[in-house]
Structures are given as structure tokens and as C-alpha cells.
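Trainee: Residues 11 to 316 in the numbering used here are what the sequence shown spells out, letter by letter.
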Amino acid sequence: MSQTKKTPRPFIININKPAGITSYDIIRKWKPVLKSCGKVGHFGTLDPFADGVLMLGVAGAQRLNDYIHEYLPKTYLAKGVLGVETDTGDPDGEVTQKDEAPYLSEVISKFEIPFIQEKLEAKFLGEYWQAPHKFSAAKFQGKPLHQWAREGVEIKKVDVRREVHSLEVVKYDFPNLWIRYQVSSGTYIRTLFRDCAIELGTIGMLEGLTREKVGGSNLSNAMESEPSGDFLRLEIDEVLSFNSLYLNDEKSKLFLNGVQLRKDQLEGEGEKIFSKPFWVRQKSERIIGLAEMKDDKLISRINFPI
Numbered sequence: 011m012s013q014t015k016k017t018p019r020p021f022i023i024n025i026n027k028p029a030g031i032t033s034y035d036i037i038r039k040w041k042p043v044l045k046s047c048g049k050v051g052h053f054g055t056l057d058p059f060a061d062g063v064l065m066l067g068v069a070g071a072q073r074l075n076d077y078i079h080e081y082l083p084k085t086y087l088a089k090g091v092l093g094v095e096t097d098t099g100d101p102d103g104e105v106t107q108k109d110e111a112p113y114l115s116e117v118i119s120k121f122e123i124p125f126i127q128e129k130l131e132a133k134f135l136g137e138y139w140q141a142p143h144k145f146s147a148a149k150f151q152g153k154p155l156h157q158w159a160r161e162g163v164e165i166k167k168v169d170v171r172r173e174v175h176s177l178e179v180v181k182y183d184f185p186n187l188w189i190r191y192q193v194s195s196g197t198y199i200r201t202l203f204r205d206c207a208i209e210l211g212t213i214g215m216l217e218g219l220t221r222e223k224v225g226g227s228n229l230s231n232a233m234e235s236e237p238s239g240d241f242l243r244l245e246i247d248e249v250l251s252f253n254s255l256y257l258n259d260e261k262s263k264l265f266l267n268g269v270q271l272r273k274d275q276l277e278g279e280g281e282k283i284f285s286k287p288f289w290v291r292q293k294s295e296r297i298i299g300l301a302e303m304k305d306d307k308l309i310s311r312i313n314f315p316i
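(1) Can you tell me where the beta strand (DSSP E) with Tyr86 in it begins and where it stops?
(2) If contacts are defined as beta-carbon pairs under 8 Å, then Glu222 and Leu87 qualify, I think. What distance do you get, rounded to the angstrom?
(3) Could you name the residues that DSSP lists as bridge partners for Lys129?
(4) Of all the beta strand (DSSP E) runs that stay within the bounds of the stretch 50-122, which reach a length of 3 or more residues?
(5) Please list the terminal residues of the continuous alpha helix (DSSP H) segment that includes Val180.
(6) Just how far apart, CA to CA, sit Gly62 and Asn24?
(7) So, under 8 Å CB-CB, Gly67 and Gly51 are touching, yes? Tell me the CB distance rounded to an integer number of Å.
(8) DSSP three-state call for Ile23: helix, strand or coil?
(9) Which whole runs of the beta strand (DSSP E) in the stretch 208-270 are 3 residues long or more, in chain order?
(10) For Glu173, I'd like the list of residues in its chain whose CB is within less than 6 Å of its CB, leaving aside the five on either flank, ordered along the chain.
(11) Going by alpha carbons, who is nearest to Ile312 out of Asn253, Ala301 and Asp305?
(12) Could you give the first and the last residue of the continuous alpha helix (DSSP H) run that contains Ser294?
(13) Around the Cβ of Thr32, are there at least 16 other Cβ atoms within 10 angstroms (buried) or fewer (exposed)?
(14) Under the three-state reduction of DSSP, which class applies to Leu308: helix, strand or coil?
(15) Distance check for Gly136 and Lys84, CA to CA, integer angstroms please.
(16) Looking at the structure shown, is Tyr138 part of a helix, part of a strand, or coil, going by DSSP?
(17) Can you look up Phe288 in the DSSP assignment and give me helix, strand or coil?
(18) Under 8 Å between the Cβ atoms of Leu56 and Leu44?
(19) Does any residue of chain B bring its CB to less than 8 Å from the CB of Phe59?
(20) Please tell me whether Ser119 and Phe59 are closer than 8 Å, where the distance is taken between their beta carbons.
(21) My understanding is that Leu130 touches Cys206, with C-beta atoms under 8 Å, so please give their C-beta distance in whole angstroms.
(22) Decide if Ser12 is buried, meaning its Cβ has at least 16 other Cβ atoms within 10 Å, or exposed.
(23) Is the beta carbon of Phe284 closer than 8 Å to that of Ile298?
(24) Measuring straight from C-alpha to C-alpha, what distance separates Arg200 and Leu74?
(25) Have a look at Arg171 and Glu260 and give me their C-alpha separation to the nearest angstrom.
(26) For the alpha helix (DSSP H) that contains Arg272, what are its first and last residues?
(27) Please report the straight-line C-alpha distance between Ile316 and Phe21, rounded to a whole angstrom.
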């Protein structure tokens, strides 16, 4: 008698990506270890020169990518260089400009950290508008901007609203400047650092970049990049702490079959649970999907078959 094969439950792995390899290299390394679990994807590209937190979604968790980006701020430690600019904004590019004005060596070089902190906070804390760098993974007509740029085509994209939650000048050893940023997802740190350099009266580029945190996932609880069969699985509701809606077996089946349940069919649920996306669970507490309430109807955004 054949047994029904259970669908793997979705989960997330927090990896510490080293500099010098791509984000997809990490997926390529881990796929053999995770092949029995289903598909694997990552939440947010880290450029080859950057290191730090790279989260992998497994067994359906990769479909949460948009929600990770929307709801979890990211913290970066940027090491930048003032007075020099490259076409990519990072050490992998060609130098396109150097600031040889006396103001850089005679004035900016003598700035104190509290002065830099105050100046940059006044300009950048809160709402921040930026366009993706031409050498970024943002896409135009399905192709990353960096591919267009390397083919000699520069695509201009409109500025997008981002949020700088905090900014800390960690160290200044002219011409090197270290800044820790906590920002909304989608913020390009190379662009933000360049804008900070301009605010200080010069130009600048990133020399190093570490992603320290994504939401509550940080370097202290990250796995090493080399695959291991003994890895830490993060539950999806650990990473995205949404409220939960519990359904009985009958309504769970309806939900998984795409039936739009009405709000008045959901007994005993308060209004606050429906203010943003929420987990849908069986009474057994297993998560079977992510949903939102729209026009008093339960709208499934993601289903996790059982």
C-alpha cells in the first residue's frame, strides 16, 4: 500500500555570504543539500564585492520575496572612499573621476564625526528618493540594468521613494568613511553613499559593504556559506511576524481550493488581524497560506499545499 508523500513545509535559511561570489553561487552550492525540499530562491541580491546576510527561501518560502522586501528593514555597514568615483560605484568598476580640489584635502579631511553625523542625518533621515544605479540588479524589459550598462546602453529610471530609518557614522579615517544604515528594502547603498559624499562636498564610492541584518535575521545567527546537512531552519512566521487566522478543516479545504471566504464566515476574529497580510492556519496550527482581506473577502496571496 503506497503512502501519500507529504509536501515539505516552507522554511528559510540565513546564510553569511562572503565577498567575491554572487548570490546565485550560494544557491548553486546549497541546492544539492536542499534538493529533497523543493525549490530554492534568495531574498535580495548581494553584489559580489559585498558580504553578509543572504536569506534563502525553500519549499515555497521563496514566494514570500515581496513581503520580505516590503516589511523587513535592512541594516548595512558601508565602507566608502571620499574623493573618487567609479562607473559602478564600487571597487569592481573603472575610476571615472577624482576630486583633486583643495577643499577635499584641506577642509573635508578635517571634518569631525559629530559634524558629519549631524549633516547627513539632517539631509537623509526619513523619506529618501533615489533611482537604481545603472550597475544594479534592477530590471528593464526583463534584463538587469548592469547588463544593459555593460552593453553600452544606460537606462534612466525614475526616482523611487525609500526610507532611511537610521544612519550612524561609525568611523572616519580620511579618505575612508564607515556608515551604518538601516533602510527600507530596495535602497541602493552605493547610491546612498554617493549622495552622502555629495552632501559633504565631494564624490565617493563604496569599497566594502556588509549586510548585517534583514529584519531579525543577522550575522550572529547566520550559517556559513559552505553547505551543511546540519542547518538551522527558520520558520516563515519567525521571519515575518504577521497575525494568524485559524480555520477549521472544512474552511481550510475551501481556502486551499481558491474559494474566497467572506469576513462574516470567520467567527471570532477581531479587526486588527486584517489590517495587513496574515497567516492562514489549520486548527492544527500548520500554516497553509498567506492572505489579505479585501472588500470583506479573504483573498489568498500564497498557498502552501499540505
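Beta carbons are placed, not taken as given, at the ideal position from N, Cα and C, and that holds for glycine. Note that this is a predicted model, so its numbers are computed, not measured.
Mentor: Per the coordinate set shown:
(1) Lys84 to Leu92
(2) 6 Å
(3) Bridge partners of Lys129: none, in fact.
(4) 50-52, 61-68, 84-92, 94-96 and 105-108
(5) Here Val180 belongs to no alpha helix (DSSP H); instead the beta strand (DSSP E) covers Val170 to Asp183.
(6) 10 Å
(7) 5 Å
(8) strand
(9) 214-224 and 254-257
(10) Ser194
(11) Ala301
(12) Element bounds for Ser294: n/a, residue is neither H nor E.
(13) exposed
(14) strand
(15) 14 Å
(16) strand
(17) strand
(18) no
(19) Here there is only one protein chain, and chain B is not present.
(20) no
(21) 5 Å
(22) Model confidence at Ser12 stands at a pLDDT of 40, short of 50, so the residue's coordinates are unreliable; what they give is reported in the following sentence. So Ser12 counts as exposed.
(23) no
(24) 26 Å
(25) 43 Å
(26) Run containing Arg272: none; DSSP gives neither H nor E here.
(27) 14 Å
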